[in-house]
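In our numbering, the protein residues as written are -7 to 302. Glycine included, C-beta positions come from ideal geometry on N, C-alpha and C.
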């Protein structure tokens, strides 16, 4: 624990791991279910040509809701829920790498930067195959023209649709198809994660100096989270657009996809889905910060509870 910081950070060695993991699964699932519709909207906006289907986040939300109902906003959610595994791998890697790096540097920015990037590398290695399948399901229905794969009409059950997509991906691309866009995902999410944590701690510290002393730290952290998310999303959105197109359209080259996007839609194309991404990432960050910080406090080892003051 870093005694000189205004906002105390609970480190890996302070946690009761059993509580940490059991409560963490519930927190992750709740967060994903809440923001999933905006993840789906972001994906459809990013892969459409120009404004062929939707004029923006709100327009997409209304059209999907009208044409496909609430289930349309949750296409692919059951498959995507398997990313719970990568979520647990992420937080474990983040905390363990922070602990390892602390042996070489006491600088919190360095620890957060290295740990965030490392955690994303591990998580994306698990997540990409799940994302490839769930994104193909996301763009079905009204957005079926956005993908080279189409569901057979007879499939109405979620896992029947999933099996249909999995078979089509395998027949078209083999096992490598499930890791299509892996490099693009790493180029998107490693920087995103690497900069989110330092910005989060930076904003939290700045807010703690400006806010009244009686203001609870958790509120300051809840404000710092969305600020960090908006910053990280804006910086990494261009590569996120490229990643979505590589995975959905079956492209193989990140560079060629980037060049084609610029040629067809100009620099503006690099901002596609940014508002939806920020809208989804900001509440996600609030829930993650409140949930994660609360989770760590609830998971604090019993003998340390009375020594922490918030």
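Open item on the list: Using only CA atoms, which one of 193, 60 and 13 lies nearest to residue 29?
Closed with: 60
Open item on the list: Give me, in chain order, the residues of the same chain whose beta-carbon lies closer than 6 Å to that of residue 176; leave out the 5 immediate sequence neighbours on both sides.
Closed with: 234, 235, 238 and 246
Task: Which of helix, strand or coil DSSP assigns to residue 208 - done: coil
TODO: Go ahead and pull the three-state DSSP assignment for residue 143.
DONE: coil
Task: Cβ contact (3+ pairs, closer than 8 Å) linking the region 253 to 263 and the region 215 to 222 - done: no
- [ ] Output the distance between the C-alpha atoms of residue 100 and residue 217, rounded to the nearest integer angstrom.
- [x] 16 Å
TODO: Taking only the alpha-carbon atoms, compute the straight-line gap between residue -7 and residue 276 and give it to the nearest angstrom.
DONE: Reliability of the predicted coordinates at residue -7 is poor, the pLDDT of 38 falling under 50, and no value is obtained from them.
Task: residue 65 (DSSP reduced to helix, strand or coil) - done: coil
TODO: Report yes if the CB atom of residue 110 is closer than 8 Å to the CB atom of residue 89, and no otherwise.
DONE: yes
Open item on the list: Can you find the residues in the same chain that come closer than 7 Å, C-beta to C-beta, to residue 285, ignoring five residues on each side of it along the sequence?
Closed with: 210 and 213
Open item on the list: Would residue 35 and residue 131 be called neighbours here (beta carbons separated by less than 8 Å)?
Closed with: yes
Open item on the list: Between which residues of its own chain and residue 196 is the CB-CB distance below 6 Å, once the five residues before and five after are set aside?
Closed with: -1, 212, 213 and 216
TODO: Tell me whether residue 32 sits in a helix, a strand or coil according to DSSP, three-state version.
DONE: helix
TODO: Hey, could you find the ends of the alpha helix (DSSP H) residue 289 is sitting in?
DONE: 266 to 290
- [ ] Starting from residue 247, trace the alpha helix (DSSP H) both ways and give me its first and last residue.
- [x] 246 to 257
Open item on the list: Could you check whether the region 2 to 15 touches the region 287 to 295, counting it as contact only if at least three pairs of C-beta atoms, one from each stretch, sit closer than 8 Å?
Closed with: yes
TODO: Using the Cα positions of residue 273 and residue 1, report the straight-line distance between them to the nearest angstrom.
DONE: 22 Å
Open item on the list: When you measure from the CB of residue 191 to every non-hydrogen atom of the ligand SAM, does any distance come out below 7 Å?
Closed with: Because no ligand of any kind appears in the structure shown, any question about the ligand SAM cannot be addressed here.
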